[in-house]
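Asker:
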Amino acid sequence: MPTFYDKLLGVPLLNLMIRAIDQAVRSNALKRYDPGARDRGVRPPRRNLVYIGIWAVTFVVLQLATSTAVTFARADVLAEQGRMEEAINRYREVMQADPQRVEAYNKLGFALMRTGRPQEAVTTLRRATDLQPGNADTHNNLGLALMQTGRPQDAVQELRRTVELRPGYAEGRYNLAQALVSTGQPPAAIVELREALRLRPEWATVMGALAWLQVTTTDPAVHNPEEALQLATRAAELSGRREVAVLDALAAAYAAVGRFPDAVRTAEDAETLARSSAPNALEDIKARLSRYKEGRPLVTAGR
Numbered sequence: 112m113p114t115f116y117d118k119l120l121g122v123p124l125l126n127l128m129i130r131a132i133d134q135a136v137r138s139n140a141l142k143r144y145d146p147g148a149r150d151r152g153v154r155p156p157r158r159n160l161v162y163i164g165i166w167a168v169t170f171v172v173l174q175l176a177t178s179t180a181v182t183f184a185r186a187d188v189l190a191e192q193g194r195m196e197e198a199i200n201r202y203r204e205v206m207q208a209d210p211q212r213v214e215a216y217n218k219l220g221f222a223l224m225r226t227g228r229p230q231e232a233v234t235t236l237r238r239a240t241d242l243q244p245g246n247a248d249t250h251n252n253l254g255l256a257l258m259q260t261g262r263p264q265d266a267v268q269e270l271r272r273t274v275e276l277r278p279g280y281a282e283g284r285y286n287l288a289q290a291l292v293s294t295g296q297p298p299a300a301i302v303e304l305r306e307a308l309r310l311r312p313e314w315a316t317v318m319g320a321l322a323w324l325q326v327t328t329t330d331p332a333v334h335n336p337e338e339a340l341q342l343a344t345r346a347a348e349l350s351g352r353r354e355v356a357v358l359d360a361l362a363a364a365y366a367a368v369g370r371f372p373d374a375v376r377t378a379e380d381a382e383t384l385a386r387s388s389a390p391n392a393l394e395d396i397k398a399r400l401s402r403y404k405e406g407r408p409l410v411t412a413g414r
């Protein structure tokens with residue numbers, strides 16, 4: 112997106128303003144009102160000033176009516192450009208001007224999460240759920256914020272509410288699955304991941320997450336290396352082998368079926384990719400790579 116795009120946001124709004132003025136001028140009420148007719152003896156220059164004054168007042172009124180929308184749109188552009196602090200300030204301006212605007216709270220909460228302030232996000236998103244309890248996006252974001260603050264049980268509650276409100280929300284299902292894993296409920300997480308895939312087939316991230324659970328969970332009802340390998344292989348193809356988590360899951364699946372040379376090569380690819388895109392995962396990937404080199408899978412079912 113070009114950096115000057117935000118400067119053009121007022122153009123469509125100005126167009127709408129002009130159309131509104133045009134419609135107003137054509138209305139019966141204004142057709143009956145001619146400020147110049149009040150005094151036919153007024154000289155044309157002065158009459159023109161009256162018309163200019165009316166136009167000026169109309170523009171000011173419309174500008175005041177649309178300024179919040181312009182600020183909100185500008186905040187969205189700033190967020191897309193990665194200028195999060197500026198976006199946060201703009202969202203706060205919108206909330207001050209329109210305290211009932213739930214979407215502003217929602218987007219502010221998400222922006223706060225992206226800047227490492229999950230507790231502030233929780234407070235903001237709680238306010239949004241109070242204002243509009245039936246907003247699935249708000250419950251979803253609140254669940255994510257609660258996960259970031261280390262409260263997965265509370266996150267599960269919010270994310271369950273998300274999918275109750277919008278059963279076809281694939282991203283909500285995926286997020287709920289992550290929260291369920293964090294609370295030690297892999298079988299329930301598997302159910303949500305399968306539903307997410309039903310709603311959004313060929314979603315590489317979810318395929319990788321499902322495969323990972325199937326090879327890292329000892330519960331025999333969940334452990335399924337063969338299916339995991341199929342899922343992770345397809346996920347790697349769909350993602351162009353550019354997702355660290357997918358490659359990590361594929362390496363684990365290779366190891367789970369005893370294909371350790373493939374596991375080593377894939378884990379090495381994951382390690383290389385993680386150096387630039389997921390440095391926080393690097394040490395764990397290295398540790399798993401060492402296991403594969405020793406011919407050891409991550410887990411064995413029932414152990």
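Read in order, the letters of the sequence shown are residues 112 to 414 in our numbering.
Just so you know, even glycine gets a beta-carbon here, dropped at the ideal spot from N, CA and C.
Just to confirm the assignment, what range does the alpha helix (DSSP H) spanning Ser293 have?
Answerer: Numbered from 1 along the sequence shown, position 182 holds the residue referred to as residue 293. Counting along the chain, the alpha helix (DSSP H) containing Ser293 begins and ends at Ala281 to Ser293.
Asker: Whole angstroms is fine: what's the gap from Val213's alpha carbon to Leu400's?
Answerer: The sequence position of residue 213 within the sequence shown is 102, counting from 1. The sequence position of residue 400 within the sequence shown is 289, counting from 1. Distance between the alpha carbons of Val213 and Leu400: 46 Å.
Asker: Are the CB atoms of Leu342 and Ala322 within a distance shorter than 7 Å?
Answerer: Counted from its first residue, the sequence shown places residue 322 at position 211. Counted from its first residue, the sequence shown places residue 342 at position 231. Against a cut-off of 7 Å, the Cβ pair of Leu342 and Ala322 comes out as a contact.
Asker: Which of the three DSSP states, helix, strand or coil, is assigned to Glu313?
Answerer: If you number the sequence shown from 1, residue 313 lands on position 202. Three-state DSSP puts Glu313 in coil, outside helix and strand.
Asker: My understanding is that Gly283 touches Ala247, with C-beta atoms under 8 Å, so please give their C-beta distance in whole angstroms.
Answerer: Translated into the one-based positions of the sequence shown, residue 283 becomes position 172. Translated into the one-based positions of the sequence shown, residue 247 becomes position 136. With a Cβ gap of about 7 Å, Gly283 and Ala247 count as contacting.
Asker: Of all the alpha helix (DSSP H) runs that stay within the bounds of the stretch 209-290, which reach a length of 4 or more residues?
Answerer: Those alpha helix (DSSP H) runs which fall completely within the stretch 209-290 and span 4+ residues are 213-225, 229-242, 247-259 and 263-276.
Asker: What is the rounded straight-line gap between the Cα of Pro408 and the Cα of Ala366?
Answerer: What you label residue 408 is simply residue 297 of the sequence shown in a count that begins at 1. What you label residue 366 is simply residue 255 of the sequence shown in a count that begins at 1. Rounded to the nearest angstrom, the two C-alpha atoms are 5 Å apart.
Asker: Determine, using beta carbons only, whether Leu236 and Gly254 come nearer to each other than 7 Å.
Answerer: Within the sequence shown, the letter at position 125 stands for residue 236. Within the sequence shown, the letter at position 143 stands for residue 254. No, they are not a contact pair.
Asker: Assign Leu394 to buried or exposed, taking buried as 16 or more other Cβ atoms, counted over all protein chains shown, within 10 Å of its Cβ.
Answerer: In the sequence shown, residue 394 corresponds to position 283, counting from 1. One detail in the question is off: residue 394 reads as Glu in this sequence, not Leu. Glu394 is exposed by the Cβ-count criterion.
Asker: Between the beta-carbon of Gln230 and the beta-carbon of Thr260, is there less than 7 Å?
Answerer: Within the sequence shown, numbered from 1, the residue matching residue 230 stands at position 119. Within the sequence shown, numbered from 1, the residue matching residue 260 stands at position 149. In contact: Gln230 and Thr260 (Cβ atoms closer than 7 Å).
Asker: Using the Cβ count rule (16 or more neighbours within 10 Å means buried), how would you classify Ala398?
Answerer: For the purposes of this step, residue 398 is taken as the residue at position 287 of the sequence shown. Label assigned to Ala398: exposed.
Asker: Would you tell me roughly how many angstroms separate the C-alpha atoms of Ala184 and Arg203, rounded to the nearest one?
Answerer: For this step, residue 184 is matched to residue 73 along the sequence shown. For this step, residue 203 is matched to residue 92 along the sequence shown. Rounded to whole angstroms, Ala184 to Arg203 spans 13 Å at the Cα level.
Asker: Are the stretch 300-320 and the stretch 350-370 in contact at 8 Å, needing three or more beta carbon pairs?
Answerer: With a cut-off of 8 Å, the stretch 350-370 and the stretch 300-320 count as touching, because enough Cβ pairs lie within range.
Asker: Give the single residue among Thr273, Pro390, Val368 and Thr411 whose Cα lies nearest to the Cα of Gly245.
Answerer: Working through the sequence shown from its first residue, we reach residue 245 at position 134. Per the Cα distances, Thr273.
Asker: Tell me which residues share the same chain as Gly279 and place their Cβ nearer than 7 Å to its Cβ, disregarding the 5 neighbours each side in the sequence.
Answerer: Mapped onto the sequence shown, residue 279 falls at position 168. So the qualifying residues of the chain are Leu310.
Asker: Considering only residues of the same chain and omitting the five flanking positions on each side of Tyr403, which have a CB-CB separation below 7 Å?
Answerer: What you label residue 403 is simply residue 292 of the sequence shown in a count that begins at 1. Correct list, in chain order: Ala362, Ala366, Phe371, Ala374, Val375 and Ala378.
Asker: Should Ala332 go down as buried or exposed, given a rule of 16 or more other Cβ atoms within 10 Å for buried?
Answerer: Against the sequence shown, residue 332 aligns to sequence position 221. Flag for Ala332 reads exposed.
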